[in-house]
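Take a look at the structure set out below.
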Amino acid sequence: MGRYLAPLFGLAAILLVGWYGYRAFVQEEIPLPLAETAEAASQDRLPTEPSDWQGKIDYLSLDRRIAALAARPEMAGLAVAIVEDGEIRFVQTYGVTDKRSGEQVTPQTVFRWASVSKGVAGSLAAKLSEEDGLDLDATLNRWQTSLMLPGEAMSRITLAQLMSHQTGLTKNAYDRKLEDGESPGLLRKQLGTAPLQCIPGTCHSYQNIAFDTASEILGQAAGTMYDDAAKTQLFEPLGMESAQFGMIGLTGADSWARPHHGDEVRTLVESYWRLPAAAGVNSNIVDMARWLRAQLGANEDVLSGMTLERAHSPLVETGRVYGGDLARALNEPSYGLGWRNFTYEGRRLIGHSGAVDGYRATIIFDPAARTGVAAMWNSGWGAPFKIPFAALDSYYGKSANDQSAKDWLDLSDLPLPEPLPPSFSDNQPVS
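In the numbering used here, the protein residues as written are 267 to 697.
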């Protein structure tokens with residue numbers, strides 16, 4: 267009997283080990299993963315449905331009004347994200363990436379940031395100043411760059427003044443030459459004999475080619491190329507996977523917005539992408555929302571409070587921004603390191619907007635309320651620049667029906683547009 271029991275016990279032991287091994291490697295789950303996975307899924311879930319839109323802002327009303335704006339014939343596609351009280355509360359897309367194909371814009375559709383890119387350079391400069399000792403007050407002649415400025419300006423203008431547009435050059439100096447295909451490096455050398463608007467260091471005069479000297483300086487300070495420094499020190503730590511530089515950063519995406527003017531799809535031109543610090547970034551709206559949230563202090567390990575204060579703080583007064591009612595509503599305009607400042611209804615707002623042929627973008631936020639709006643669209647129409655102010659009015663408790671409130675998204679007085687002449691071009695320098 268014993269000789270039969272021994273093999274049976276051995277077989278039972280093998281089966282038992284096999285069973286527990288199967289449980290361990292196939293069936294058995296590590297303790298707590300379901301709760302942690304659910305929490306992670308909840309954090310990663312985009313607030314794209316009305317049931318997700320929770321907060322002080324009347325998102326349902328805002329969505330209806332933005333949808334009406336997006337349906338206008340001047341528009342093609344539009345993506346909007348809102349951060350309220352430090353959290354992404356609203357992500358919505360409208361319209362199409364291409365009026366020829368009818369492909370719908372989604373949260374993954376990549377647009378151009380245009381001059382909103384300047385805030386990336388400013389944030390990186392402030393970060394390198396805090397963490398690596400970059401001297402923002404060192405004069406430009408301390409660095410090896412392609413820039414030349416008239417007179418003795420290279421030994422007088424600091425990096426901070428360069429990045430707040432205090433070179434004294436005439437506004438948007440040589441942008442048209444850039445659009446005609448000339449090299450940014452050669453154009454920066456030619457700025458040495460360019461006309462001045464004011465004595466360098468005494469006024470604000472908006473630049474693109476001169477501003478992009480920051481890409482050369484910040485790359486040297488980081489010990490790598492500027493775009494690599496921005497990716498490794500900012501985009502990657504913030505989880506901004508779609509944020510890329512250059513034309514391929516747009517056209518290489520699975521879904522990307524084509525530039526439009528009315529029904530016309532514009533031809534992509536590489537010119538402003540050759541200024542990575544001034545206008546080189548592309549991303550989807552989700553990553554722009556992550557960027558906005560970081561500017562509101564949500565990622566202290568990447569952008570500390572001290573870094574943000576250095577980047578955002580006003581360095582020079584400017585002229586009014588935008589136009590019409592919006593220009594009149596924004597007071598005390600000024601400029602920091604790639605960031606605009608102004609007051610709206612007595613509140614300090616920070617942000618930047620951008621414009622290149624067939625694209626527009628904007629980020630506007632209230633740092634004290636930790637609330638702001640990001641938007642990108644693939645047309646040259648300026649009306650969506652008002653979206654942040656409609657959202658902020660709602661956050662502040664204003665209704666569009668209040669007598670004292672401006673209804674920024676009121677379209678009732680807009681006529682239908684006239685047909686475009688065949689040769690129309692809406693090339694405009696970024697802003």
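No residue lacks a Cβ here, since even glycine has one placed at the ideal position from N, Cα and C. Here the structure is a predicted model, which is why all the values come from computation and not from measurement.
DSSP lists Thr637 as the beta-bridge partner residues of Asp632. Taking one beta carbon from each stretch, the stretch 500-510 and the stretch 547-560 have 3 or more pairs nearer than 8 Å; the two touch.
Here Arg626 is near Trp643, since their CB atoms are less than 8 Å apart. Around Asn407, the same chain offers Met420 and Ser421 as residues with beta carbons nearer than 8 Å, after the five sequence neighbours per side are excluded.
In the same chain as Phe477, and ignoring 5 residues on each side of it, the C-beta atoms closer than 6 Å to its own belong to Ala544, in chain order. One thing to note: Arg532 has its Cβ within 8 Å of the Cβ of Pro525. In this chain, the beta strand (DSSP E) harbouring Glu350 covers Gly343 to Glu350. Only residues of its own chain outside the window of five on either side were considered, and among them Gly361, Val362, Thr363, Asp364, Lys365, Ala523, Arg524, His526, Trp643, Asn644 and Ser645 have a CB closer than 8 Å to the CB of Ala342, listed in chain order. Shown here, Gln358 sits in a strand according to DSSP, grouped into three states. DSSP places Glu611 outside both helix and strand once states are collapsed to three, so it counts as coil.
In this structure, Ala657 lies away from Ala347, with their beta-carbon atoms at least 8 Å apart.
If the five residues before and after Leu400 are omitted, its C-beta is found closer than 6 Å to the C-beta atoms of Leu394 and Ala487, all from its own chain and listed in chain order. Between Gly512 and Thr468, the alpha-carbon positions lie close to 33 Å from each other. Minimum Cα-Cα distance from Gln463 among the listed residues Ser471, Arg378 and Leu457 corresponds to Ser471. For the stretch 354-416, the continuous alpha helix (DSSP H) assignments of 4+ residues that do not extend past its boundaries occur at 384-398, in sequence order. In summary, Pro313 is buried, with 16 or more beta-carbon neighbours lying within 10 Å of its beta-carbon over all protein chains present. If you look at Ser600, you'll find it in the beta strand (DSSP E) that goes Leu596 to Tyr601. If the five residues before and after Ser481 are omitted, its C-beta is found closer than 6 Å to the C-beta atoms of Tyr492, Pro542 and Ala543, all from its own chain and listed in chain order. C-alpha of Ala634 to C-alpha of Arg614: approximately 8 Å in a straight line. Looking at the DSSP output, His431 bridges to nothing.
Here Asp446 is exposed: its Cβ has fewer than 16 other Cβ atoms, across all protein chains shown, within 10 Å. The beta carbon of Ala333 lies closer than 8 Å to those of Tyr360 in the same chain, with the five residues before and after it left out. Lys455 and Glu575 have their C-alpha atoms roughly 32 Å apart.
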